[in-house]
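Take the sequence shown: its position 261, counting from 1, is numbered 313 in our numbering, and each next residue is one higher.
Backbone N, C-alpha and C define an ideal beta-carbon position, used for all residues, glycine too.
Note that the coordinates shown come from a computational prediction; the quantities given were computed from them, not determined experimentally.
Just below is one structure, and these are the notes that go with it.
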Amino acid sequence: MMSSLCRCLVLKITQNDELSIRLSEPYESILLKMFPQGDIDYRKPNIVYKAEREGVRFYSDDVRIQFVEQSNFFDIMFIIEEYVQAKYEKVVLHGGAIAKDNRAVAIIQSRKKGKSTLLRSLLVKNEYCYVADDFLLLHKDEIAGIASPIRVRKKLEGIIECNGKYIGNMVDETGEIRNIFVPNNVRLVGFVKLACIILPTYSEIGDNYSVKLSGMQKFLKIMINVKEYISVQKVYEQISYLCNSIPAYELYYSDINYAIQKIDIILN
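Shown next as structure tokens:
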């Protein structure tokens with residue numbers, strides 16, 4: 053049995069629903085840096101972290117679910133994301149989001165396209181709220197996320213300003229170094245209506261332009277960025293609904309200021 057002295061970090065996914073994650077030192081202090089506005093609560097946990105000499109064991113209701121030899125930010129976040137997906141049974145998009153006046157912009161794209169770089173650049177502007185960096189729950193034309201720190205590839209760090217607290221760098225699952233930042237912006241809790249979807253592609257040299265997607269091209273571009281889903285029928289219905297209700301744009305840029313201005317125009 054796990055010690056009753058372990059505390060819980062409450063992650064709010066919607067206004068009414070909560071996930072409680074019980075922590076053991078030193079992982080409590082690590083996660084509190086990741087979620088600086090998280091509330092501590094002594095309630096029954098969903099997931100337990102137990103430190104051991106070789107690493108960390110993860111439990112659910114005292115049943116071991118995973119062992120991580122060298123726990124870091126990515127190991128912990130993958131487990132949290134998998135648990136959230138299982139609990140809410142919704143389609144998950146690989147991407148992040150910002151919001152303004154309760155209208156969200158989803159930034160979805162495959163790896164190494166500058167998705168997190170663009171997201172962090174937008175958050176330099178304080179009028180934007182932070183929704184998520186890498187994991188978006190999708191329900192019809194609304195999204196919700198886990199407002200974890202932003203993971204920026206070190207080699208892209210120089211092209212954007214910093215508006216947040218740097219908490220270190222870690223190696224991701226591909227072996228690349230990522231700088232980890234907690235943005236200063238307000239973290240948005242709960243589902244928020246989508247205003248548009250952006251699929252960015254960053255290049256050091258290249259033209260700056262955007263293309264509005266439609267038809268089958270739009271469907272396939274969004275579909276390829278689905279991270280998790282319950283069934284083929286469910287994801288087809290969800291993405292079809294999204295295509296019929298929300299505009300989507302491919303955004304190619306070498307100038308980060310062009311990208312920011314373009315999203316401002318689309319959102320406003």
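Candidates the options: which alpha carbon is nearest residue i's?
i, options, result
"residue 257", "250, 319 and 305", "305"
"residue 243", "110, 274, 161 and 199", "199"
"residue 288", "137, 317 and 192", "192"
"residue 201", "314, 149 and 136", "149"
With a 10 Å radius around its C-beta and 16 neighbouring C-beta atoms as the bar for buried, classify residue i as buried or exposed.
i, result
"residue 141", "exposed"
"residue 290", "buried"
"residue 57", "Bear in mind that a pLDDT of 42 at residue 57, under 50, signals an unreliable position, so the number given afterwards is only what the model happens to contain. Flag for residue 57 reads exposed."
"residue 281", "buried"
"residue 268", "exposed"
"residue 169", "buried"
"residue 55", "Here the model assigns residue 55 a pLDDT of 42, short of 50, so the residue's position is not dependable, and the following value carries that caveat. When all chains shown are included, residue 55 counts as exposed."
"residue 223", "exposed"
"residue 317", "exposed"
"residue 44", "Not covered by the structure: residue 44. The range shown for the chain is 53 to 320."
How long is the line joining the alpha carbons of residue i and residue j, rounded to whole angstroms?
i, j, result
"residue 236", "residue 217", "7 Å"
"residue 319", "residue 115", "46 Å"
"residue 285", "residue 271", "14 Å"
"residue 128", "residue 302", "31 Å"
"residue 248", "residue 264", "11 Å"
"residue 125", "residue 308", "27 Å"
"residue 204", "residue 147", "13 Å"
"residue 310", "residue 260", "7 Å"
"residue 266", "residue 215", "34 Å"
"residue 171", "residue 111", "33 Å"
"residue 220", "residue 139", "30 Å"
"residue 175", "residue 283", "34 Å"
"residue 295", "residue 315", "19 Å"
"residue 157", "residue 118", "34 Å"
Just list the residues that DSSP pairs residue i with in beta bridges.
i, result
"residue 191", "194"
"residue 152", "155"
"residue 268", "None; residue 268 has no bridge partner."
"residue 116", "111"
"residue 168", "DSSP lists no partner for residue 168."
"residue 205", "230"
Within the stretch 224 to 266, ranges of the beta strand (DSSP E) (whole runs, at least 3 residues):
If one requires a minimum length of 3 residues, the beta strand (DSSP E) runs lying completely within the stretch 224 to 266 are 229 to 235, 244 to 254 and 261 to 264, in chain order.
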